[in-house]
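Okay, so here's the structure we're looking at.
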Amino acid sequence: MHLWHYWHKLDTACATNATYAMCKKGINKMNKHPYILQPYTGRNSRHTCPECGKPNQFSRYIAAETGEILSENVGRCNRIDKCGYHFKPKQYFNENGIKPERVEACTTKPPPLHRPVSFIDAEIFNNSLQGYDKNYLLKFLYSLFDSEIVNHLINIYKIGTSSRYGGGTTVFWQIDDSDNIRTGKLIKYDSNGHRIKGHNNWAHSVLKIGNFNLKQCLFGEHLLKHGPDYKVGIVESEKTAIMLAAVLPNLLWLAAGGAEGLNAEKVKVLRGREVILFPDSSMDGSMYSKWQQKAKQFGFEISDYLEGYANEVQKSNGLDIADFLI
3 MHLWHYWHKL
13 DTACATNATY
23 AMCKKGINKM
33 NKHPYILQPY
43 TGRNSRHTCP
53 ECGKPNQFSR
63 YIAAETGEIL
73 SENVGRCNRI
83 DKCGYHFKPK
93 QYFNENGIKP
103 ERVEACTTKP
113 PPLHRPVSFI
123 DAEIFNNSLQ
133 GYDKNYLLKF
143 LYSLFDSEIV
153 NHLINIYKIG
163 TSSRYGGGTT
173 VFWQIDDSDN
183 IRTGKLIKYD
193 SNGHRIKGHN
203 NWAHSVLKIG
213 NFNLKQCLFG
223 EHLLKHGPDY
233 KVGIVESEKT
243 AIMLAAVLPN
253 LLWLAAGGAE
263 GLNAEKVKVL
273 RGREVILFPD
283 SSMDGSMYSK
293 WQQKAKQFGF
303 EISDYLEGYA
313 NEVQKSNGLD
323 IADFLI
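For what it's worth, our numbering labels the leading residue of the sequence shown as 3, then goes sequentially.
Take a look at the structure:
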């Protein structure tokens with residue numbers, strides 16, 4: 003192709019002088035891989051693996067152009083031999099019924115469209131509130147606590163049961179302060195209350211809801227309006243929050259959904275509340291340090307109980323406050 007014809011085609015494709023200049027320099031060409039694993043820039047660029055639960059081992063996929071994460075659970079665990087979790091962008095798109103559009107070279111970036119938050123249908127939610135005799139986590143809780151206490155926990159936290167992964171899988175519904183169901187986290191447990199590797203997913207992914215606009219909230223957020231005077235305790239996992247509600251009912255227990263689950267958007271609902279953070283233990287104290295920074299950022303208190311009382315073996319296993327107390 004003659005050089006003049008080449009530049010003429012670029013002139014036609016570029017909408018503005020700024021874009022034109024970028025096109026000539028080759029800056030705005032489409033990336034062959036629009037999503038890449040987040041480059042290492044320090045400990046904050048490595049997150050807790052959603053599969054094995056190990057901190058600072060999970061690399062998320064981000065948009066190559068903007069740096070925005072695709073989803074909190076889309077990425078790869080660095081513990082390739084011991085864990086092997088690798089949830090690729092293509093799998094995420096397929097499970098959510100999303101067809102990513104091809105971005106052509108030399109086009110101006112459109113302004114972001116405001117998309118309303120998506121919710122799970124109430125009928126799907128209500129249908130999950132059964133099968134408790136088959137729910138492995140609940141059977142474990144019944145072995146620890148009086149049935150009256152467990153029934154109360156089921157009722158207030160709206161614990162669900164799914165037939166996924168052979169049945170008896172627990173659904174931790176994320177219900178916001180307006181009683182909207184944001185999503186549900188599916189986790190399969192064994193008879194001892196331990197997570198089964200590879201048996202976890204999101205409700206909106208399992209349901210294959212197309213173009214689902216997920217905006218997560220704190221697990222247990224819907225309880226805030228029922229206990230306006232209660233001090234709030236926040237832990238990492240949903241299971242821990244539920245168990246602590248049984249043994250320390252003087253606090254209103256919520257879960258961040260993981261070590262990386264605390265952010266400014268989620269904690270807006272806690273404005274004006276007394277809040278204590280209870281991070282999981284870690285061998286090097288990184289989890290405590292990370293949540294200590296969050297406590298300072300949001301004006302919360304933080305418990306150093308595990309830092310002072312957990313031994314090295316317990317810390318190496320990522321002991322949480324429920325493991326220590328129960």
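Yeah, the Cβ is synthetic: ideal placement off N, Cα and C, and Gly gets one too.
- Under the DSSP assignment, residue 154 falls in the alpha helix (DSSP H) whose first and last residues are 149-159.
- Between residue 138 and residue 190, the C-beta spacing is below 8 Å.
- Ranked by Cα distance from residue 185, the options 122, 221 and 163 are led by 122.
- Between the C-alpha atoms of residue 44 and residue 154 there is a straight-line separation of about 43 Å.
- Scanning the segment 217-270 from its first residue to its last, the whole alpha helix (DSSP H) runs of 4-plus residues come out as 240-249.
- Excluding residues up to 5 positions away in sequence, 242, 245 and 246 lie with their Cβ nearer than 6 Å to the Cβ of residue 324 in the same chain.
- Here DSSP, grouped into helix, strand and coil, assigns residue 280 to coil.
- DSSP places residue 65 in the strand class (E or B) of the three-state scheme.
- Spanning the alpha carbons of residue 167 and residue 310 requires a straight line of approximately 39 Å.
- DSSP places residue 323 within a helical segment (H, G or I) once states are collapsed to three.
- Pairing residue 61 with residue 40 gives a Cβ-Cβ distance under 8 Å.
- In the DSSP assignment, residue 208 falls within the unbroken alpha helix (DSSP H) covering 205-208.
- Nearest Cα to residue 97 within the set 131, 255, 299 and 212: 212.
- Look at the beta carbons and you see the segment 231-240 touching the segment 273-289: at least three pairs across the two are nearer than 8 Å.
- Per the C-alpha coordinates, the member of 54, 68 and 67 positioned closest to residue 78 is 54.
- Here the alpha carbon of residue 250 sits roughly 17 Å from the alpha carbon of residue 303.
- Residue 214 and residue 314 have their C-alpha atoms spaced approximately 42 Å apart.
- For residue 162, there is no enclosing alpha helix (DSSP H); the residue is found in the beta strand (DSSP E) stretching over 162-164.
- Judged by DSSP secondary structure, residue 173 falls within the beta strand (DSSP E) whose first and last residues are 171-177.
- If the five residues before and after residue 56 are omitted, its C-beta is found closer than 8 Å to the C-beta atoms of 50, 79, 81, 85 and 320, all from its own chain and listed in chain order.
- For residue 78, the pairing in a beta bridge is given by DSSP as 61 and 88.
- Residue 200 is positioned such that its CB atom lies no closer than 8 Å to that of residue 163.
- In the structure shown, residue 202 falls within a strand segment according to DSSP collapsed to helix, strand and coil.
- Under the DSSP definition of a beta bridge, residue 272 lacks any partner.
- Burial check for residue 218: the Cβ neighbour count within 10 Å reaches 16 or more, so the residue is buried.
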